[in-house]
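These notes are about the structure you will find just below.
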Amino acid sequence: MPEDKITIFKQTELFRDLDEVVLEVLAKHSIVKHLQRNEILFLAGEPANGLYLIASGSVRAFRTSADGREQVIHLEKAVTTIAEVPVFDNGNYPSTAAAEEETTLYFLSKQDVIKTAIEHPQLALAAARLIASRLRRCAELVETLSLREVGQRLARLLLEEARNNGTKAERGTKIELRLTHDQLAARIGTVREVVTRALIRLQEKGLIVHKGKDILITDIKLIAAYAEAENTD
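First residue of the sequence shown? That's 1429 in my numbering, and the numbers climb one at a time after it.
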């Protein structure tokens, strides 16, 4: 069994507490899958036959409205797992998942995961913690979409990008925006035209400087305060 595959399994919250012998068995049973950008991994409503470990790249989970508008539920980046909930509740996949970029995954069947969880309770405990964190994140998404203005949602997303991928600049924190306005809209529950107006408004408020694909956040604390403010006028 390649050591690097086991090392990848050890990096996940779900599998990191398992003994190496158990990880070897899981890794041996896993099936590698490669996706190109925007290639579908599974569709909402399909029977959940197993879960996926994202070894490299990233995957977005989303729902699509009747008019074709996409709402991103969450974005998962390597190294982590996706689709744990339907494996343990015996349901269908609750959302559609697609590669955000070129992505490599390992598929584990429901039978292998459940069998391992029964034989090794630490996996069941890890799954409970992970599912609880997923539920908390969904609750936060509902709060954001229902109680926050579009500008605040966009500010939160830019803050997340700054913390994950930002670089220090002379006048603040710089982000190379790799998402199109359509993709931004899908992440924050709106449409492209509203995203464009929200970016202009953030710049008018002096919170960002937007030029091409580059966004400079002039003051992290100020934009964080704006994202959480009750009144943004």
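Quick reminder that beta carbons are idealized off the backbone N, C-alpha and C, glycines included.
Residue range of the beta strand (DSSP E) that Y1534 falls in?
1531-1537
Per DSSP, which one or two residues make a beta bridge with K1461?
L1533
Closest by C-alpha distance to A1655, when choosing among F1516, L1558, T1572, A1597
T1572
Does DSSP put Q1550 in a helix, a strand or coil?
helix
State the CB to CB distance for the pair Q1464 and E1530, rounded to an integer number of angstroms; the pair is presumed to be in contact (CB under 8 angstroms).
6 angstroms
Can you grab the Cα-Cα spacing for the pair L1469 / T1524, in whole Å?
8 angstroms
What is the DSSP secondary structure of S1493, counted as helix, strand or coil?
coil
Reducing DSSP to helix, strand and coil, say where V1507 ends up.
coil
Roughly how many angstroms separate the alpha carbons of V1449 and L1533, rounded to a whole number?
21 angstroms
Report the residue from L1471, K1649, R1491 whose alpha carbon sits nearest the alpha carbon of A1614.
R1491
Straight-line Cα distance separating E1474 from N1592
32 angstroms
Just mark S1493 as buried or exposed, buried being the case when its beta carbon has 16 or more other beta carbons within 10 Å.
exposed
What residues in its chain sit with their C-beta under 7 angstroms from that of L1503, if we drop five residues either side in the sequence?
S1486, R1488, E1528
Closest Cα partner of L1553 within the set E1512, G1519, V1570, L1644
E1512
So, for Q1580: in the same chain, excluding its five sequence neighbours on each side, which residues have a beta-carbon less than 6 angstroms away from its beta-carbon?
A1655
Kindly list the residues whose CB is nearer than 8 angstroms to the CB of S1537, restricted to its own chain and excluding five residues on each side of it in sequence; keep chain order.
H1457, N1477, G1478
Which residues does DSSP list as the beta-bridge partners of L1644?
K1602, V1637
How many Å lie between T1646 and V1460 at the Cα?
43 angstroms
Spatial neighbours of L1650 in its chain, beta-carbon cut-off 7 angstroms, leaving aside the 5 residues before and after:
L1635
Taking the beta carbon of L1582 as the centre, do at least 16 other beta carbons fall within 10 Å, making it buried, or is it exposed?
buried
Just grab the DSSP bridge partners of V1500 for me.
F1490
Quick check on the DSSP output: the alpha helix (DSSP H) that includes G1579 runs from which residue to which?
1578-1593
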